[in-house]
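Read through the structure below, which is laid out as structure tokens, and then see the notes.
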Amino acid sequence: MKLAHKDIEKDNAGQVTLIPEEAEDMWHTYNLLHVGDSLRASTIRKVQTESSTGSVGSSRVRTTLTLCVATIDFDSQALERFYEAVMQGILRHFNFDVVKCVLVASPGFVKDQFISYLFKEAVRQDCKILLENRSKFMVVHSSSGHKYSLKEVLCDPAVTALLSDTKAAGEVKALEDFYKMLQQEPDRAFYGLAHVERASEALAIDILMISDKLFRHQDIATRSRYVRLVDNVKENGGNVRIFSSLHVSGEQLNQLSGVVAVLRFPIADMSEAEEDSSSDED
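All residue numbers for the sequence shown refer to our numbering, where the first residue is 52 and numbers rise by one.
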């Protein structure tokens with residue numbers, strides 16, 4: 052949702068112009084509207100005309116409609132179709148023998164309504180796999196429905212405690228630790244392939260974080276460098292974490308070149324070392 056214009060008076064009267072960007076923005080609009088508000092939007096209507104000869108024609112006309120809000124309701128049927136699609140996605144893609152926890156997060160009460168729907172349907176359909184794994188579902192609050200709110204949810208201490216032994220929580224914590232190290236001891240936090248390779252040659256890498264996207268690099272020689280890097284770190288007792296580029300933490304890692312390392316001991320800044328070597332040559 053984009054806020055295109057805002058003009059609010061001191062008594063809170065005024066107007067705003069919003070541009071929805073996805074279907075979920077209608078839910079946010081629903082939460083903003085109150086009875087008595089006026090809602091204006093551009094729309095297209097089909098207009099039929101009849102000529103004097105009796106022939107009927109139609110045309111599409113763009114017009115602007117203004118509605119005064121008398122009552123507020125959300126399309127419950129559309130919401131149920133969405134819940135059903137999510138339920139089928141869970142049944143199709145989740146392996147509960149492996150899955151330890153399912154986080155259901157949303158702003159407002161959508162998460163609670165979905166959980167209520169999910170298990171009512173599970174009882175009605177006698178879906179044993181959902182009923183047997185009900186304890187794995189956890190309802191938590193998020194500030195929005197965008198996937199970037201996953202990071203916010205996974206950083207919640209209450210959630211972290213329950214997910215302490217899961218891969219997603221481990222990735223989020225590892226990346227947070229890297230950022231802290233980068234601020235506090237930058238000589239122990241390297242990113243970029245060349246810098247991380249140098250740290251690996253010095254047997255300095257304690258934790259290597261690498262995006263799975265790099266193993267799909269189009270250049271075979273570059274792919275081989277990443278594979279060798281991972282093998283070398285493992286052989287020298289380092290811990291390797293491979294991040295999914297589909298997860299929020301993986302996307303964050305990709306913004307840092309896709310490969311970072313936390314070192315056992317500090318190594319002088321690469322740029323300083325290169326400058327020193329060039330001055331010696333002079």
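Backbone N, C-alpha and C define an ideal beta-carbon position, used for all residues, glycine too. What you are looking at is a predicted structure, and each value in this text was computed from that prediction instead of being measured.
When the Cα atoms are used, what is the spatial distance from residue i to residue j?
i	j	result
T68	K57	6 Å
G289	A255	9 Å
F316	A253	10 Å
H85	T122	8 Å
F229	G87	51 Å
G221	V291	12 Å
A129	E135	10 Å
S194	S251	40 Å
T117	V98	18 Å
F188	A55	38 Å
K374	S200	Because the chain in this structure spans residues 52 to 333, residue 374 falls outside the shown range and cannot be described.
D207	V112	50 Å
S330	Q235	Its pLDDT being 42, under 50, S330 is placed unreliably in this model, and the value from its coordinates should be taken loosely. Approximately 29 Å between the Cα atoms of the pair.
Q164	D270	48 Å
E183	H144	17 Å
L304	I59	40 Å
K202	L226	11 Å
I141	K179	13 Å
K231	R96	56 Å
Y81	D282	53 Å
M138	L83	28 Å
V191	K171	20 Å
G105	I70	42 Å
For residue i, which residues in the same chain have their Cβ closer than 8 Å to its Cβ, ignoring the five residues on either side in sequence?
i	result
S308	Y242, G243, L244
D263	I293, F294, S295, S296, G301
H268	R274, Y277
V155	K162, F165, I166, F188, M189, V190, V191
DSSP beta-bridge partners for residue i?
i	result
A319	A319 pairs with nothing; no bridge assigned.
K151	Bridge partners of K151: none, in fact.
R113	I95
V190	V155
V67	K57
C119	S89
Y242	V311
For residue i, tell me which candidate among the options has the shortest Cα-Cα distance.
i	options	result
I261	N283, A272, G301	G301
P158	F145, K198, R279, K285	K198
L205	V153, R239, M232	V153
F133	H144, S103, L169	L169
L265	L226, E227, Q306	Q306
A92	C119, V278, K61	C119
V311	K171, K61, I258, V155	I258
S186	E131, H298, D238, F147	F147
N287	A272, D238, L314	L314
Can you list, in chain order, the residues of its chain with a C-beta nearer than 7 Å to that of residue i? Leave out the 5 residues immediately preceding and following it.
i	result
E101	V107
E72	M52, K53
L233	A240
E325	With a pLDDT of only 48 at E325, under the threshold of 50, the placement of this residue in the model should not be trusted; the figure read from the coordinates follows. Same-chain partners within the cutoff: there are none.
Excluding sequence positions up to five away, which residues of its chain have a Cβ less than 6 Å from the Cβ of residue i?
i	result
D327	Caution applies to D327, whose pLDDT of 44 falls short of 50 and renders its modelled position unreliable; the value that the coordinates give is listed next. Cβ neighbours of D327 beyond the five flanking positions: none.
S110	V98
V161	none
L181	A173
D76	M52
Within 8 Å of any Cβ in chain D, is that where the Cβ of residue i sits?
i	result
Q306	The structure shown has no chain D; it contains just one protein chain.
At what residue ranges does the stretch 286-317 contain a whole run of the beta strand (DSSP E), taking only runs of 3 or more? Segments of the beta strand (DSSP E) lying fully in the stretch 286-317: 290-294, 310-314.
What are the uninterrupted segments assigned as beta strand (DSSP E) that are 3 or more residues long and contained completely in the stretch 249-285, given in chain order? As far as the stretch 249-285 is concerned, its whole beta strand (DSSP E) runs of at least 3 residues are 256-262.
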